[in-house]
Ligand SMILES: [Zn+2]
């Protein structure tokens, strides 16, 4: 790796899932059925958009075919996630209105927020749970047809919801909302911002959703100008991250600013501040400024800016 492409091997949290999604086999009901019934199949439970983790919090609770037997018929959906050459993996999306679910599965683990638990998980576990959570959210939001209002039902692979009206029958597919997240640079300084609702001291990259009819590159320019009043004169794609909280795809960019003046344009930001590496390190060490959480691509973008020319980031939470 040379210093101009510091992130060519980057793997953000929730990305890089090694599972073969086997999309070509999803629509083969016989194959799916046999995969689902196989003793070595593994099930990833999701309830109220929470994932089941082992009681010690140090791992995903993946249930066997035998363990989920009582749940398969009543599940809101069962989604084929893929296979790893040995086992088939399925998301078991449990009825969110059933208050008894956590207690009934208490012997296997505890339902937790993935964002909080991700740091303690392995790379593949994070990716698998994020995938299952994203599918659970979509199923929960697509119970009715957006065209005619009739109830929908899940296809056998769980990747389509089909309108139950014989007049309509429209198929609905999972959606992902694209968002840009941008570290803006000028000379050796980096622009970080703070929103009033964030935890104390947190400064992060600028971010916002890509709007309808807009390119990602245009969204980078617009977001930075709208939020901070800073003109972007160049940009470089960094990496992306699935962010199923609830349904985003984060597209990370490094952008170059025309000048260092800031002019926050709306009430969204409490502060927009340029940091040199020395200023940033001092603010981290004193505790005045906090980094974004480890799972976020924002932290990766900021760390990559800081360390690009060999600087060593202070050890912080
Ligand atoms: Zn319909």
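Numbering (my numbering), first residue to last: 2 to 318.
For every residue, glycine included, the Cβ atom is placed at its ideal position computed from N, Cα and C.
Predicted model, so just to flag it, every value in this text is computed and none were measured.
List the endpoints of the continuous alpha helix (DSSP H) containing residue i.
i, result
"residue 105", "102 to 105"
"residue 34", "30 to 38"
Check residue i in the structure and name its three-state DSSP category.
i, result
"residue 312", "coil"
"residue 199", "coil"
"residue 127", "helix"
"residue 251", "strand"
"residue 259", "coil"
"residue 275", "strand"
"residue 14", "coil"
"residue 305", "helix"
"residue 219", "helix"
"residue 225", "helix"
"residue 27", "coil"
"residue 295", "coil"
"residue 43", "strand"
"residue 6", "For residue 6, the predicted structure reports a pLDDT of 47, less than 50, and the residue's modelled location is therefore unreliable. A value from the coordinates is still provided. Residue state, collapsed to three classes: coil."
"residue 19", "coil"
Spatial neighbours of residue i within its chain, please: CB distance less than 8 Å, with the 5 preceding and 5 following residues excluded, ordered by chain position.
i, result
"residue 138", "50, 245, 247 and 248"
"residue 241", "13, 16, 250, 251, 252, 253 and 298"
"residue 169", "146, 148, 149 and 151"
Note the first and the last residue of the continuous beta strand (DSSP E) segment covering residue i.
i, result
"residue 285", "No beta strand (DSSP E) contains residue 285, which is instead part of the alpha helix (DSSP H) from 278 to 287."
"residue 111", "111 to 113"
"residue 204", "That residue, residue 204, is in no beta strand (DSSP E); it is neither H nor E in DSSP."
"residue 243", "233 to 244"
Between residue i and ligand 1, is there a pair consisting of the residue's CB and a ligand heavy atom that are separated by less than 6 Å?
i, result
"residue 151", "yes"
"residue 166", "yes"
"residue 113", "no"
"residue 169", "yes"
"residue 85", "no"
"residue 272", "no"
"residue 146", "yes"
Starting from the C-beta of residue i, find all residues in its chain whose C-beta is less than 7 Å away, skip the five residues before and the five after it, and write them out in chain order.
i, result
"residue 24", "none"
"residue 6", "Confidence is the limiting factor: at residue 6 the pLDDT is only 47, short of 50, which leaves the residue's position unreliable and the question unanswerable from this model."
"residue 308", "314"
"residue 4", "Caution is warranted here: a pLDDT of 43 is assigned to residue 4, below 50, making its placement in the model unreliable, and the coordinate value is therefore given only provisionally. Cβ within range, chain order: 309 and 310."
"residue 265", "228, 229, 230 and 273"
"residue 41", "87 and 88"
"residue 114", "51"
"residue 17", "124 and 128"
"residue 304", "314"
"residue 317", "285 and 292"
"residue 171", "146, 148 and 164"
"residue 181", "208, 209, 211, 217, 220, 221, 224, 252 and 254"
"residue 72", "93 and 95"
"residue 1", "Nothing about residue 1 can be read from this structure; the chain reaches only from 2 to 318."
Suppose the cutoff is 6 Å on Cβ atoms and the five residues either side in sequence are ignored; what does the same chain contact list for residue i look like?
i, result
"residue 136", "80 and 92"
"residue 130", "52, 61 and 115"
"residue 204", "193, 195 and 290"
If we require 3 or more residues per run, which beta strand (DSSP E) segments fall completely within the segment 141 to 198? As far as the segment 141 to 198 is concerned, its whole beta strand (DSSP E) runs of at least 3 residues are 153 to 155, 162 to 164, 178 to 187 and 190 to 195.
Can you check the segment 48 to 122 for any alpha helix (DSSP H) of at least 4 residues that lies completely inside it and give the ranges in chain order? 70 to 73, 102 to 105 and 115 to 118
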